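Contents: one structure, followed by commentary.
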Amino acid sequence: MVCPGYDDKKPLTWLAPNKVKTRTWKRKSALPDKDAVTEGRPKDGQVEVAKPTSGKQLVHIFPGHEFRTDTCDIIEATLYWNEQVYPYLSLNQLSQSPWVIPVTRVHYMQPPIQHALVAMAIEHRMLQMISRKHDPFVAEVKARAIQHRSTAVQALNKDIGDERRRTSDLTMSGVVVFMYGDLMGSATASNWRFHLNGFAALVALRGGWEDLCRKVPHMKTLVLFCKIIENFANTTSPADDQMYPVLNFDLKALIRDTFETGYYPYLPCPTELFIDIVDINRLRFLASRQGAKGTTQSEAEDLLTKITDFSPEPWSETKEKLREEHLMMAQIYQSAVVLFGILSLQSAGAVSSSAGWAAVKKIHSGRLFSLLKKSAASDMLKHCATWPIIVAGFEAKSLGPTIRAFIFCRLEEVSRDLGLYLPLAAKEVLERFYASPGNQWDDCFDSPHALIT
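Just so it is clear: in the sequence shown, position 434 is 434 by the UniProt record's numbering, and no numbers are missing.
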């Protein structure tokens, strides 16, 4: 069997909408004129790729009503990642990242990863086509995403059920890839806790987080991915309903080491500030427990003072290129962490409201909004501040409709350009908060949410 578009007569072609329509199977009365068939097609060997942000072009990945195998979908998904997603990520990253690489050696990948990649490619494209969500083609293609996700689940369950493969590097990689795929889609993003708990159980079977990273250094990348999701998810979860906040505090040295593995895509957060987030989450959790509030206030205020004293300049000067851009991002993340610290710790009762902290909050709120507006004008920076935008979104409740509209616009843009659902999930959380009478951090994030990946 030859996959559609892969024989020697028809190279794979990405076509604009309505160039080719699916038809029911019937014998054609006559062959069309050769010129009519070739009109609008690229020359042999060329691939016409729609720009990620284009609203006029439609990449018809995985068209239905064709005789095709799963292998065809896997190959086409690989081309989609390499021809469309990878170039965009590579050209718009602030620093060279070990995470942004082409999809290679797909034939060596395990079935759970292969099928998860197909489902992820479809989710990515569908989010870029959000304005066409009522197009019958979208429903048709989403059915293929569900099919491949189901196949990935079955293959992953089979691997986990086999004692010989249960804790292998490949199985654990499959869990992480599958989790990332679920976080991309609106129907599956809420599964994130199941995946994190499942991965943690596999890590325990390998001897624990520290033992795994010491014995198998290349697994640090998987550990970092999980710890980024987990700790940022804790910031947007109730103080008393977080994932392992005390354990993450105990693992600070390991988290610091893995975070310094290399620039994580679209997360130019200085390591010190990321560790401060881990510290804040622990204090929120302890303060939320009955009788623990008084014991955390001194430690919480010392931590907030440390964060406000952080100097972004030395961090940006360690970068070989784009130091001004790195400086702006360090300032954005510092202000966001300061605001998150004050707002969430006061909400949990770990820090008392005072004129001093109100003044600090006002200064960093003003700086954060100013820098977010500046960064929005840069193709390289505008997608690097999703979490700070969420923090600013909380503050925007009291700042008027213009600021709130700016926050919503930024979240929609990030979702569309990067093909991710989570920014839209953040927008939904903020919309509910704006319509509610609450004004505390835990009033906004009153249930666990993973909003950053």
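Using N, Cα and C, we set each Cβ at its ideal position, and we do this for glycine too. Keep in mind the model is a prediction, meaning the values are calculated, not measured.
- Message: Within a Cβ cutoff of 7 Å, which residues of the same chain sit near Trp387, ignoring the five residues on either side of it in sequence?
- Response: Within the sequence shown, numbered from 1, the residue matching residue 387 stands at position 387. Correct list, in chain order: Phe232, Ala336, Ile452.
- Sequence-distant residues of the same chain with beta carbon closer than 6 Å to Trp441, five excluded per side: Walking along the sequence shown from the start, residue 441 turns up at place 441. Answer for Trp441: Leu343, Ser344, Ser347, listed in chain order.
- Just the C-alpha distance for Gly438 and Leu418, rounded to the nearest angstrom, thanks. Counting from 1 along the sequence shown, the entry for residue 438 is found at position 438. Counting from 1 along the sequence shown, the entry for residue 418 is found at position 418. For Gly438 and Leu418, the gap between their C-alpha atoms comes out near 31 Å.
- Task: Measure the beta-carbon distance from Leu94 to Leu381 and round it to whole angstroms, keeping in mind my assumption that it falls under 8 Å.
- Result: Residue numbering aside, residue 94 sits at position 94 when the sequence shown is read from its first letter. Residue numbering aside, residue 381 sits at position 381 when the sequence shown is read from its first letter. Taking a contact as a CB-CB distance under 8 Å, the pair Leu94 and Leu381 counts as one, their CB atoms being some 7 Å apart.
- Query: Taking C-alpha atoms, which residue in Ser436, Ser415, Arg323 lies nearest to Leu183?
  - Reply: Taking the sequence shown and counting its residues from 1, one reaches residue 183 at position 183. When each option's Cα is compared against that of Leu183, the closest is Ser415.
- Alpha-carbon spacing of Ile101 relative to Leu89, whole angstroms: In the sequence shown, the residue the question calls residue 101 occupies position 101. In the sequence shown, the residue the question calls residue 89 occupies position 89. The alpha-carbon atoms of Ile101 and Leu89 are separated by roughly 9 Å.
- Task: Identify the continuous alpha helix (DSSP H) that holds Arg125 and give its terminal residues.
- Result: Position 125 of the sequence shown, counted from the first residue, corresponds to residue 125. 111-128 is the extent of the alpha helix (DSSP H) around Arg125.
- Item | Span separating the alpha-carbon of Ile332 from that of Ala204 | As a working note, residue 332 is residue 332 in the sequence shown. As a working note, residue 204 is residue 204 in the sequence shown. Cα to Cα, the separation comes out at about 36 Å.
- Query: Can Val177 and Phe199 be called in contact, C-beta distance under 8 Å?
  - Reply: To locate residue 177, count along the sequence shown from 1; it is residue 177. To locate residue 199, count along the sequence shown from 1; it is residue 199. Phe199 is positioned such that its CB atom lies no closer than 8 Å to that of Val177.
- Query: Between the beta-carbon of Leu156 and the beta-carbon of Pro112, is there less than 8 Å?
  - Reply: Stepping through the sequence shown from its first residue, residue 156 is reached at position 156. Stepping through the sequence shown from its first residue, residue 112 is reached at position 112. If you check the CB distance, Leu156 and Pro112 come in under 8 Å.
- Candidates Ala450, Ile75, Pro98: closest to Tyr264 by CA position: The count along the sequence shown starts at 1 and reaches residue 264 at position 264. Nearest C-alpha to Tyr264: Pro98.
- Message: In this structure, how does DSSP classify His449 when only helix, strand and coil are distinguished?
- Response: Counted from its first residue, the sequence shown places residue 449 at position 449. Coil at His449, not helix or strand.
- Message: If you follow the alpha helix (DSSP H) that Trp357 is in, where does it begin and where does it stop?
- Response: Position 357 of the sequence shown, counted from the first residue, corresponds to residue 357. Bounds of the alpha helix (DSSP H) holding Trp357 are 355-375.
- Message: So the candidates are Ser288, Gln334, Tyr244; which of them puts its Cα closest to the Cα of Asp309?
- Response: Position 309 of the sequence shown, counted from the start, is the residue given in the question as residue 309. For Asp309, the nearest C-alpha among the options comes from Gln334.
- Item | Where His134 falls: helix, strand or coil (DSSP) | What you label residue 134 is simply residue 134 of the sequence shown in a count that begins at 1. Collapsing the DSSP output to three states places His134 in coil.
- Message: How far does the alpha helix (DSSP H) with His326 in it extend, from its first residue to its last?
- Response: For the purposes of this step, residue 326 is taken as residue 326 along the sequence shown, with counting starting at 1. Run containing His326: 323-348, per the alpha helix (DSSP H) assignment.
- Which residue from Glu123, Ala189, Asn248, Thr258 puts its Cα closest to that of Met219? As a position in the sequence shown, residue 219 is number 219, starting the count at 1. Nearest C-alpha to Met219: Thr258.
- With Asn439 as the anchor, note down where its alpha helix (DSSP H) starts and where it stops. As a position in the sequence shown, residue 439 is number 439, starting the count at 1. From DSSP, Asn439 is part of no alpha helix (DSSP H); its letter is neither H nor E.
- Query: For Tyr80, which three-state DSSP category applies?
  - Reply: Numbered from 1 along the sequence shown, position 80 holds the residue referred to as residue 80. For Tyr80, the secondary structure class from DSSP, reduced to helix, strand or coil, is helix.
- Item | CA-to-CA distance, Met328 to Arg367, given in whole angstroms | Start at 1 with the first residue of the sequence shown, and residue 367 comes out as number 367. Start at 1 with the first residue of the sequence shown, and residue 328 comes out as number 328. Annotation: Arg367 to Met328 spans about 11 Å, alpha carbon to alpha carbon.
- Message: Pairs of beta-carbons, one from the stretch 242-254 and one from the stretch 297-317, closer than 8 Å: are there three or more?
- Response: No, they do not touch.
- Item | Leu339 beta carbon less than 8 Å from that of Val391 | The residue given as residue 391 occupies position 391 in the sequence shown. The residue given as residue 339 occupies position 339 in the sequence shown. The answer is yes: Cβ separation under 8 Å.
- According to DSSP, is Arg410 helix, strand or coil? As a first step, residue 410 is located in the sequence shown; it is residue number 410 there, counting from the start. Helix, per DSSP.
- Return the residue from the list Phe194, Asp250, Ala358, Leu212 that minimises the CA-CA distance to Ala450. In the sequence shown, counting from the first residue as 1, residue 450 sits at position 450. Among Phe194, Asp250, Ala358, Leu212, the Cα nearest to that of Ala450 is on Phe194.
- Message: Checking 8 Å against the spacing of the C-beta atoms, do Ala350 and Thr305 come in under that value?
- Response: As a first step, residue 350 must be located in the sequence shown, where it is residue number 350. As a first step, residue 305 must be located in the sequence shown, where it is residue number 305. Contact flag unset, no.
- Could you tell me which of His124, Ala152, Phe408, Ala385 sits nearest to Leu371, measuring between CA atoms? Position 371 of the sequence shown, counted from the start, is the residue given in the question as residue 371. From the listed residues His124, Ala152, Phe408, Ala385, the smallest Cα separation to Leu371 is found for Ala385.
- Query: Straight-line CA distance for Glu210 to Asn248?
  - Reply: To locate residue 210, count along the sequence shown from 1; it is residue 210. To locate residue 248, count along the sequence shown from 1; it is residue 248. Cα-Cα distance, rounded: 12 Å.
- Looking at the structure shown, is Phe310 part of a helix, part of a strand, or coil, going by DSSP? Here residue 310 refers to the residue found at position 310 when the sequence shown is read from its first residue. In the structure shown, Phe310 sits in coil (DSSP, three-state: anything other than H, G, I, E or B).
- Task: Could you tell me which uninterrupted alpha helix (DSSP H) segments, each at least 4 residues in length, are contained entirely in the stretch 234-305, listed from first to last along the chain?
- Result: Fully enclosed alpha helix (DSSP H) runs of 4 or longer: 245-250, 252-259, 271-288.
- Message: Please state the DSSP three-state secondary structure of Cys384.
- Response: Residue numbering aside, residue 384 sits at position 384 when the sequence shown is read from its first letter. DSSP places Cys384 in coil when its eight states are reduced to three.
- Just to confirm, are Thr151 and Ile160 a CB contact at a threshold of 8 Å? Position 151 of the sequence shown, counting from 1, holds the residue named residue 151. Position 160 of the sequence shown, counting from 1, holds the residue named residue 160. For the 8 Å CB-CB criterion, Thr151 and Ile160 do not form a contact.
- Item | Tyr266, buried or exposed, once every other Cβ within 10 Å from all chains shown has been counted against 16 | Counting from one through the sequence shown, the residue named residue 266 turns up at place 266. Classification for Tyr266: buried.
- Query: Between Thr261, Glu413, Asp443, which lies nearest to Pro217 when the distance is taken from Cα to Cα?
  - Reply: Here the question's residue 217 lines up with position 217 in the sequence shown. Closest in C-alpha terms to Pro217, from the list Thr261, Glu413, Asp443, comes Thr261.
- Item | Test item: CB-CB of Ser237 and Phe445 under 8 Å | Translated into the one-based positions of the sequence shown, residue 237 becomes position 237. Translated into the one-based positions of the sequence shown, residue 445 becomes position 445. Yes, these two residues count as a Cβ contact at 8 Å.
- Pro87, enclosing alpha helix (DSSP H) - first and last residue: If you number the sequence shown from 1, residue 87 lands on position 87. Its alpha helix (DSSP H) spans residues 86-91.
- Item | Best match in Ala377, Asp169, Glu163, Ser186 for proximity to Met120 [C-alpha to C-alpha] | Within the sequence shown, the letter at position 120 stands for residue 120. Of the candidates Ala377, Asp169, Glu163, Ser186, the one whose C-alpha sits nearest the C-alpha of Met120 is Ser186.
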